[in-house]
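J.:
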Amino acid sequence: MEFISMELSRGADDAAGEVVRIQGDEFWHMTRVLRLGVNDRVELFDGAGGLVEGSIQKVDKNGSDVELLENARLIAPQGIQWHVFAAFGTLKGGRADWLIEKCTELGASSVTPLLTERCHTIAENRVDRLQRLVLAAVKQCQRVHDMSLKPPLEIHDLPLAVSQSKLAFLASAEAPPVLSVLPKCSSEEESGLLIIGPEGDFTEEEVGVLKAAGAVPVGLGPCRLRVETATISLLSALMLWSDSAHHQEAQQQRG
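First residue of the sequence shown? That's 25 in our numbering, and the numbers climb one at a time after it.
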């Protein structure tokens, strides 16, 4: 069933039997890309956990009418919410697009472009494009919570966030392997950070400041990785670890 983005009040206006109007970009996507028509079923989501199944009742040149088949549901986020801080502003050839798309598909809660001495800018028009990629990836992988693409952050502003987190991991060559570090960490935290440096890596001073704030250096294998590869490798490891812990906890509660 296809996912369609729209605002949901999750109140009386979004109850079974109500009819909502889909217009604009989502209407174009429904009819021109997905080729959906009358009696096709869709799932409407608002990116904040709201989800409701509906059936297309009418299509005209300006929009589609969708009848809600159930009351809107609110689905809470599950497991640790991972926030990515990656210095990808200098990446070219679609590599930043790929990084953002895969972070969205894997379930990152947010991605923040990190500005460092060796990656000191990111074009504003590029951010707009990346935001569109996020929405497309959210619908493709059927996430009910949007991934937030944050404004760029200067490296000297990051230590505060690191100091306030009990799970802050810094991708670093020659550091202990991430899988050897994770068993020593608590999987009961609500959120965590992962930090990936730019092409050419962080400066020694930047690494020192982040470590002093509490970031834990972790290694990702013997090979030198590109920024986007390191980001996805670390996020994958952390997501698998936290999802496994969440699954085990749920089984224990049921048992």
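Where is the CB? At the ideal position from N, CA and C, for every residue including glycine.
Does the pairing of the segment 115-130 with the segment 149-169 give three or more beta-carbon distances under 8 Å?
T.: Yes, they touch.
J.: For Gly-73, tell me which candidate among Arg-45, Leu-234 and Ser-29 has the shortest Cα-Cα distance.
T.: The option with the nearest alpha carbon to Gly-73 is Ser-29.
J.: In the DSSP output, which residue or residues are listed as bridge partners for Glu-178?
T.: Note: Glu-178 sits in a beta bridge opposite Leu-139.
J.: Let me know the secondary structure DSSP gives Phe-69 once reduced to three states.
T.: In the structure shown, Phe-69 sits in a strand (DSSP, three-state: E or B).
J.: Please determine, among His-271, Ile-256, Arg-278 and Pro-200, the residue with the shortest C-alpha to C-alpha distance to Ile-220.
T.: The shortest Cα separation from Ile-220 among His-271, Ile-256, Arg-278 and Pro-200 belongs to Ile-256.
J.: Determine the contact status of Cys-143 and Pro-222, defining contact as a CB-CB distance below 9 Å.
T.: Cβ atoms of Cys-143 and Pro-222: closer than 9 Å.
J.: Is Arg-59 helix, strand or coil when you go by DSSP?
T.: It is coil, neither helix nor strand.
J.: Going straight from the alpha carbon of Lys-116 to that of Glu-198, what length do you get?
T.: If I take the Cα positions, the gap works out to 27 Å.
J.: Using 10 angstroms around the beta-carbon of Trp-52, count the other beta-carbons present and answer buried if the total reaches 16, otherwise exposed.
T.: Trp-52 should be labelled exposed.
J.: Nearest to Leu-182 by CA position, among Glu-94, Arg-248, Phe-69 and Val-108, is which residue?
T.: Closest option to Leu-182, Cα to Cα, is Val-108.
J.: Indicate the three-state DSSP secondary structure (helix, strand or coil) for Leu-191 in the structure shown.
T.: The answer is coil: DSSP assigns Leu-191 none of H, G, I, E or B.
J.: CB Thr-140 to CB Ile-179, shorter than 9 Å?
T.: Yes; because the gap between Cβ atoms is below 9 Å, this pair is in contact.
J.: Buried or exposed: which applies to Ala-40, given that a residue is buried once 16 or more other Cβ atoms fall within 10 Å of its Cβ?
T.: Exposed.
J.: Output needed for Val-62: all residues of its chain with C-beta closer than 8 Å, excluding positions within five of it in sequence on either side, in chain order.
T.: Once the five neighbours on either side are set aside, the close Cβ partners of Val-62 are Ile-80, Gln-81, Lys-82 and Val-83.
J.: Please give me, in chain order, every unbroken run of the beta strand (DSSP E) with length at least 3 that falls completely inside the segment 207-244.
T.: Runs of the beta strand (DSSP E) inside the segment 207-244: 215-220 and 240-242.
J.: Does the segment 186-197 come close enough to the segment 150-157 that 3 or more CB-CB pairs lie under 8 Å?
T.: The answer is no - the segment 186-197 does not touch the segment 150-157, with fewer than three Cβ pairs under 8 Å.
J.: Residues in its own chain within less than 8 Å of Glu-94 by CB, not counting five upstream and five downstream?
T.: Excluding residues within five positions, the ones whose Cβ falls inside 8 Å are Ala-40, Val-76 and Glu-77.
J.: Measure the alpha-carbon distance for Leu-194 versus Glu-67 and round it to whole angstroms.
T.: Approximately 38 Å between the Cα atoms of the pair.
J.: Can you tell me whether Met-25 is buried or exposed, with buried defined as 16 or more other CB within 10 angstroms of its CB?
T.: Met-25 comes out exposed.
J.: Using a Cβ-based criterion (distance less than 8 Å to any ligand heavy atom), does Phe-51 qualify as near the ligand FMN?
T.: Here there are no bound small molecules, and the ligand FMN is not part of this structure.
J.: Lys-82 bridges to which residues according to DSSP?
T.: For Lys-82, which the question treats as bridged, DSSP gives the partners Asp-89.
J.: Excluding the 5 residues preceding and the 5 following Cys-209 in the sequence, name in chain order all residues of the same chain whose CB lies nearer than 7 Å to its CB.
T.: Excluding residues within five positions, the ones whose Cβ falls inside 7 Å are Leu-191.
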